[in-house]
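Chemist: Quick note, the sequences are listed as chains A, B and C, same order.
Under my numbering, residue 390 is the last one in the first sequence; the count climbs by one each step, no gaps.
Under my numbering, residue 513 is the last one in the second sequence; the count climbs by one each step, no gaps.
Under my numbering, residue 328 is the last one in the third sequence; the count climbs by one each step, no gaps.
Before I ask anything, here is the structure I am working with.
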Amino acid sequence: MEALREGMRQAMQQDERVFVIGEDIGVYGGAFGVTAGLIDEFGPKRIIDTPISEAGIAGAVIGAAITGMRPIGEIQFSDFVVISMEQLVMQGAKMRFMFGGKADVPFVMRLAGGSGTGAAAQHSESLENWFVHVPGLKVVMPSSPYDAKGLLLAAIQDNNPIMFFEHKLLYKTKGPVPEEMYTIPLGQSHVVREGKDLTLIATSIMVSRAQQAAEQLAEEGIEIEIIDPRTLKPLDEKPIVDSVIKTGKALIVHEAVKTGGFGGELAAVIMESEAFAYLDAPVRRLAGLDMPIPYNRNLEYHAVPQVENIVEEARKLVKGQY
Amino acid sequence: MAKEIIMPKFGFTQEESEILEWLKQNGDKVEKGDPIAVVSTDKVSMEVEAPESGILDGIRYKVGDTVPVTQIIAYVLQPGEKIPESDSTPAAAHTAEITTEPKTETAQKPAPSLERAAGVSISPVAQRLADDKQVDLNLVRGSGKDGQITRKDVEDYLANQEKTGGKVKATPAARRIAGEKQIDLRTITGSGPTGRIQAADVVSARTAEAPAAQVKPAAAGSQAVNPALKVLKEIPLVGMRRTIAQNMQRSMQEAPHMFLQVDVEMDAAEGLRKLANENKMENSPKVSVTALIVKAVAQALKQNPIVNSQFTSEKIVLYEDINVGVATALDNGLIVPVIHNADRKDLKQISLEVSDLALRARNNKLQPDDLANGTFTISNLGMFGIDRFTAIINPPQAAILAVGKMNQVFVPDENGQPVLRSVVSFSLSADHRVMDGSQAAKFLTDLKNNLINLGEIVK
Amino acid sequence: MAGNSKNEKLIGGILPESKARDLLYKMVLTRTFEENAEEMYALGKVHGTMHLSIGQEAIAAGSSPALKKSDYLLNTHRGHGHFLMWGGDLNRMMAEFMGKEAGYCRGRGGSMHIADVESNNLGAQGIVAGNLPISVGVGLSIQMRKTDQVVLTLFGDGASNEGAFHESLNMAAIWDLPVIYLCENNQYAMSMAFERAFRIEQVSERAAAYGMVGLTIDGNDVIAVYKAVSEAAERARKGNGPTLIEAVTYRWRGHSKSDRQLYRTREEVKEWMEKDPIQRFAKVLGVNEAQMKEIQAQAKEDIRKAVEFAEASPEPDVSTILEGIYA
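Right under this line is the structure:
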């Protein structure tokens with residue numbers, strides 16, 4: 069969370085075209101506190117509280133972006149982005165193309181997604197793949213504080229509309245983050261851990277769960293290679309393909325529901341690639357159950373992949389049980 | 055009512071059949087279509103199948119009996135039923151549960167030793183079905199005793215072929231490796247879920263001692279028939295011929311052969327043989343040259359256990375049992391009856407067994423045990439006028455001895471004067487994975503000495 | 002629900018006294034429920050978040066009870082009071098709040114999505130203004146089925162700035178749909194103060210833009226709410242279309258449990274707490290302090306029993322996790 073805040077602060081210090089707009093991001097500090105304190109430094113003209121008007125927020129960042137500003141929008145719970153859909157999908161994503169490539173729409177829309185907080189069905193979804201399906205948008209999904217800052221700064225500098233999906237549970241994670249400004253190029257997958265037995269491709273919070281699973285499996289002598297695409301679109305396919313060629317097996321883990329999720333896209337990428345001929349088992353997806361997120365804590369826990377599920381799934385795949 | 059099982063009529067001219075084996079015994083439960091007995095006509099072994107499901111009972115003939123066709127040979131009973139008291143002759147209308155005539159005269163039962171050595175035995179009905187449907191039996195996995203391929207296996211295979219269109223379940227990686235190594239995936243057993251072949255299965259199949267099934271004789275010589283040439287006859291690659299082809303090809307592909315030859319003066323041995331035959335008791339068999347050689351070989355094997363051995367992917371196994379096979383030519387191929395424990399038998403006993411086995415081989419009366427568990431093979435083409443030759447090792451054995459004909463040659467004596475001697479040329483083919491030249495040479499030298507000093511050995 | 006016996010005293014000229022006393026009890030019950038909820042949350046007994054309506058109880062007390070059992074309710078995320086006033090069973094409500102199988106939504110929905118479709122309670126709402134367009138459909142259905150039902154749609158000042166608000170009101174107006182739009186203006190859309198989010202003084206001014214009746218009332222006055230809703234219902238049943246009622250009140254607690262309330266002063270909160278709708282209604286009914294204590298004790302006892310009931314109810318079985326997604 070501090071990494072994101074620092075990223076926004078530095079971007080705003082460096083470039084006065086950058087501003088943040090969203091619900092309760094001012095004095096309130098954002099629903100999860102990400103923007104806390106920024107209003108004191110930059111004032112209400114650059115940290116703009118809006119009424120509850122998600123379509124308006126989306127329109128505001130698009131309009132400002134196309135006229136020379138570099139806005140950062142915040143959708144309080146990523147679920148609410150459904151109210152912004154028209155502006156984002158019909159307008160922001162297509163503008164450059166419709167205008168013959170002549171318009172820059174450089175905005176970043178930050179969205180807090182994911183389950184695990186007991187916020188139930190309308191505040192816990194993982195909708196990233198909807199935007200992967202929209203040409204013109206880039207979709208970024210950091211999994212660590214270091215990546216969060218570097219990717220956010222890269223996104224702010226990018227001249228395209230960018231959907232930046234944060235996971236609520238990751239706001240509390242700690243990790244080394246350099247103080248200075250740095251960027252992580254969009255479209256670069258990250259090999260988080262090396263291994264020879266299985267390629268595990270995970271996004272967002274599933275990266276850390278995969279790491280925990282890999283630790284456990286290492287004790288059994290199973291070596292998992294973990295790849296975090298970081299940018300779902302554009303997707304850096306090569307590290308994934310190379311890894312699958314090496315291991316012959318691929319497990320994709322994400323929180324979003326399996327059907328129509330990004331895992332299907334990743335699986336297809338693997339199948340279409342040179343890695344196909346090296347596959348020694350079906351590509352498997354471990355993802356959220358095809359259901360809305362339940363309120364009950366235990367059901368909520370079981371609705372999305374947990375460390376033990378990853379361990380089990382990975383082990384079965386490595387042992388040739390699929 | 056008790057269902058009669060009759061001796062079926064297989065051919066138009068056939069009048070009787072000999073019971074070769076009862077596959078089921080009185081009191082055994084049988085399913086309709088189960089083979090219950092093996093019978094032979096002139097040259098062909100056939101199976102008699104159960105006409106109904108139930109309990110087999112009332113077997114009327116023992117192995118070796120010759121039974122006129124359409125005679126009742128046994129019954130299938132349902133619970134509570136009894137064998138009919140009257141021994142009425144079955145009506146002429148009774149027909150056996152065999153619906154097709156054998157197409158070839160190759161289905162032999164018992165299986166030849168070459169097949170058994172390869173671990174592939176095939177029931178006659180399975181063989182026939184496979185021939186009819188042109189099934190490559192290498193691709194069929196046996197579920198019967200000791201992996202025997204039964205009719206059900208062939209039927210299952212055919213059903214699966216129909217279902218999958220002959221496709222093999224394998225991972226892309228397995229397919230790639232198999233493609234690179236030119237391995238037929240159909241010959242590999244998959245270890246994955248539902249039998250899917252995974253990369254490791256292909257790799258291990260490649261490195262392990264390859265099962266006989268992996269080598270396809272058809273593939274080796276599968277060049278298109280030259281249409282410019284007039285065909286005299288086509289010999290289908292089935293039965294014994296196919297087994298020989300498979301085993302020999304496999305042997306040559308897998309076992310690096312080395313060849314060593316030695317000429318042995320047989321005068322002493324011949325003298326011994328003649329002496330023995332002159333003094334033999336009435337009705338006891340003559341001592342043959344083959345028997346002499348078997349005895350000398352057995353002794354040499356005892357002296358050189360490395361030759362009496364087998365190569366596996368993990369180890370070389372030296373056997374204590376010395377079972378010497380003697381290759382015997384038949385009209386349609388070659389089988390190798392075995393003199394078991396030849397090192398512990400005297401010349402007379404060996405002679406008896408050699409002649410008995412040869413006779414029964416030619417009469418198709420060998421039992422499976424006669425062919426099983428050979429550890430070394432002797433192939434003698436001397437009777438065909440061959441001076442010397444090299445043989446192909448009979449897998450999984452480690453060596454084979456090729457024996458030529460006895461020639462009269464002049465050799466120098468101690469004083470350098472030519473003397474006439476009876477000389478036989480022995481060629482040893484040995485698996486170089488198992489032994490080296492010096493070890494093979496020692497075996498041959500010992501054999502030579504044994505033959506020269508046979509008198510001492512047989513004392 | 003407006004029936005009364007002839008001799009009964011009418012509070013404010015409209016509300017029968019026995020009913021009024023019941024409503025007072027339910028107001029106290031609502032507040033006790035929410036105070037208890039706060040406590041349970043603090044103790045880690047419940048998970049997630051919750052939205053408390055403490056200080057706003059008069060609107061719930063005056064609205065649902067002014068309608069018939071056959072009418073419809075579209076609730077908000079801050080809807081515990083409305084749920085109880087609509088006739089919700091305290092035990093099953095508590096069970097839902099605690100995520101139990103015996104809850105109204107089998108523990109799947111929780112406080113924010115609690116519904117009782119059987120009683121035409123079409124659910125609380127996690128999406129601000131999410132229920133407004135739905136009320137158009139419910140109104141249309143009533144019209145097409147030719148019943149005399151109405152739909153009570155609850156929302157806040159925040160929802161009034163969503164696009165859905167405008168589309169919904171316009172459609173209900175042009176088709177004369179039997180919808181009662183009841184805006185609970187509690188002064189804050191989360192942290193966004195009314196003055197910062199609106200250029201107008203009152204939400205009800207917007208009614209004119211769509212051509213419907215609009216009025217602003219004192220949301221802490223049960224009688225005022227009851228009157229306004231009754232009139233709106235009558236209008237709707239007669240086929241004279243929707244009404245926009247803005248009931249002005251104040252949210253004593255934060256927006257949700259994670260609200261640090263940096264956007265307002267303690268003085269402001271205190272000032273509004275002086276205008277406690279429960280004390281005010283008790284005064285109207287002539288209920289003294291001792292009687293009030295009794296009522297509160299009764300509410301506490303009922304809550305205690307409800308917690309007991311909920312705690313005894315089983316957790317949903319994980320094997321049933323995929324139930325209830327498709328028909």
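Cβ coordinates follow ideal geometry from the N, Cα and C atoms, glycine included.
Considering Cα atoms alone, identify which of E247/A, M274/A, V200/A is closest to V260/A.
Modeler: Comparing Cα positions, the closest option is M274/A.
Chemist: Where do the ends of the beta strand (DSSP E) carrying I140/A lie?
Modeler: Segment 138-143, the beta strand (DSSP E) holding I140/A.
Chemist: Quick check on DSSP: helix, strand or coil for V100/B?
Modeler: Note on residue identity: the sequence assigns Met, not Val, to residue 100/B. Correct three-state label for M100/B: strand.
Chemist: Counting only beta-carbon separations shorter than 7 Å, does E376/A have a partner in chain B?
Modeler: Taking Cβ atoms only, chain B never reaches closer than 7 Å to E376/A, which makes this a no.
Chemist: Which runs of the beta strand (DSSP E), 3 residues or longer, sit entirely within the region 96-164 of chain C?
Modeler: 152-157, all fully within the region 96-164 of chain C.
Chemist: Does the Cβ-Cβ distance between V173/A and I134/A come in under 7 Å?
Modeler: Contact flag set, yes.
Chemist: Using 8 Å as the threshold, is the region 149-158 of chain A in touch with the region 113-131 of chain A, meaning 3 or more CB pairs across them?
Modeler: As far as the Cβ criterion goes, the region 149-158 of chain A touches the region 113-131 of chain A, which means the pair count is three or higher.
Chemist: Under the three-state reduction of DSSP, which class applies to F365/B: helix, strand or coil?
Modeler: Note: F365/B maps to strand in three-state DSSP.
Chemist: Can you look up A324/A in the DSSP assignment and give me helix, strand or coil?
Modeler: A324/A falls in the strand class under three-state DSSP.
Chemist: In angstroms with no decimal places, state the Cα-to-Cα distance between S449/B and N362/B.
Modeler: Looking at the sequence shown, residue 449/B is not Ser but Pro. Spanning the two alpha carbons is a distance of roughly 12 Å.
Chemist: Just confirm the distance between the C-beta atoms of L77/B and I109/B, as a whole number of angstroms; I'd bet it's less than 8 Å.
Modeler: Not really, about 15 Å apart at Cβ, beyond 8 Å.
Chemist: Can you list, in chain order, the residues of its chain with a C-beta nearer than 8 Å to that of P302/A? Leave out the 5 residues immediately preceding and following it.
Modeler: So the list reads K206, L254, G255, once near-sequence residues are dropped.
Chemist: Can you give me the start and stop residues for the alpha helix (DSSP H) that M153/A sits inside?
Modeler: Element bounds for M153/A: 149-153.
Chemist: Would M274/C be called buried (16 or more neighbouring beta carbons within 10 Å of its own) or exposed?
Modeler: Looking at its Cβ environment, which holds fewer than 16 other Cβ atoms inside 10 Å, M274/C is exposed.
Chemist: Of the residues that make up the region 137-162 of chain C, which ones have a beta carbon closer than 7 Å to any beta carbon in chain A?
Modeler: Answer set for the region 137-162 of chain C: G159, A160, N162.
Chemist: Using DSSP bridges, identify the partner residues of A194/C.
Modeler: For A194/C, which the question treats as bridged, DSSP gives the partners Y189/C.
Chemist: Hey, is D265/A's beta-carbon within less than 7 Å of any beta-carbon in chain B?
Modeler: No - not a single Cβ of chain B is within 7 Å of the one on D265/A.
Chemist: Once DSSP output is grouped into helix, strand and coil, what is the label at M69/A?
Modeler: Coil, per DSSP.
Chemist: Counting along the chain, where does the alpha helix (DSSP H) carrying F34/C start and finish?
Modeler: Start and end: 18-43.
Chemist: If you follow the alpha helix (DSSP H) that E312/C is in, where does it begin and where does it stop?
Modeler: Run containing E312/C: 290-313, per the alpha helix (DSSP H) assignment.
Chemist: Establish whether the CB of T225/B and some CB of chain A are separated by less than 7 Å.
Modeler: By this cut-off, T225/B is an interface position.
Chemist: Interface residues of chain A around A228/B at Cβ under 9 Å?
Modeler: Result: D348.
Chemist: What residues in the region 242-259 of chain B bring their beta carbon closer than 8 Å to a beta carbon of chain A?
Modeler: So the close ones are S245, G246, P247, Q252, A253, A254.
Chemist: Quick one, which residues of the region 353-365 of chain A are near chain C if we go by CB-CB under 8 Å, in chain order?
Modeler: Of all residues in the region 353-365 of chain A, L357, D358, M359, P360, P362, Y363, N364, R365 have a Cβ within less than 8 Å of some Cβ in chain C.
Chemist: If you drop the 5 nearest sequence neighbours on each side, which residues of the same chain put their C-beta closer than 6 Å to that of T251/A?
Modeler: Same-chain partners within the cutoff: G218, L221, A222.
Chemist: Looking at the secondary structure, which residues open and close the alpha helix (DSSP H) in which N503/B lies?
Modeler: Per DSSP, N503/B belongs to the alpha helix (DSSP H) from 491-506.
Chemist: Can you tell me which of the three DSSP states E72/B falls into?
Modeler: In this structure, E72/B counts as strand in the three-state DSSP scheme.
Chemist: Where does the unbroken beta strand (DSSP E) through E319/B begin, and where does it stop?
Modeler: That run of the beta strand (DSSP E) goes 311-319.
Chemist: S433/B lies in the alpha helix (DSSP H); which residues open and close that run?
Modeler: First-last for S433/B: 430-434, but that is the beta strand (DSSP E), not the alpha helix (DSSP H).
Chemist: Kindly list, in the order they appear in chain B, the residues whose Cβ is closer than 8 Å to that of A382/A.
Modeler: Those within 8 Å of A382/A in chain B number zero; the least Cβ separation is about 16 Å.
Chemist: Going by beta carbon distance, what residues of the same chain come within less than 8 Å of V279/B, once the five residues before and after it are set aside?
Modeler: If we look at V279/B and ignore the five residues flanking it on each side, its Cβ neighbours are V285.
Chemist: What residue does the alpha helix (DSSP H) around I279/C start on, and which one ends it?
Modeler: I279/C -> alpha helix (DSSP H) spans 278-286.
Chemist: DSSP on E58/B, reduced to helix/strand/coil?
Modeler: In the structure shown, E58/B sits in a strand (DSSP, three-state: E or B).
Chemist: Residues of chain B with a CB under 7 Å from the CB of G388/A: which are they?
Modeler: Residues of chain B passing the Cβ test: S245, G246, Q252.
Chemist: Under 8 Å, CB to CB, which of the residues in the region 122-148 of chain A have a partner in chain C?
Modeler: If the cut-off is 8 Å between Cβ atoms, the region 122-148 of chain A has E122, A123, G124, D147, F148 near chain C.
Chemist: Hey, is S192/C's beta-carbon within less than 7 Å of any beta-carbon in chain A?
Modeler: Closer than 7 Å: yes.
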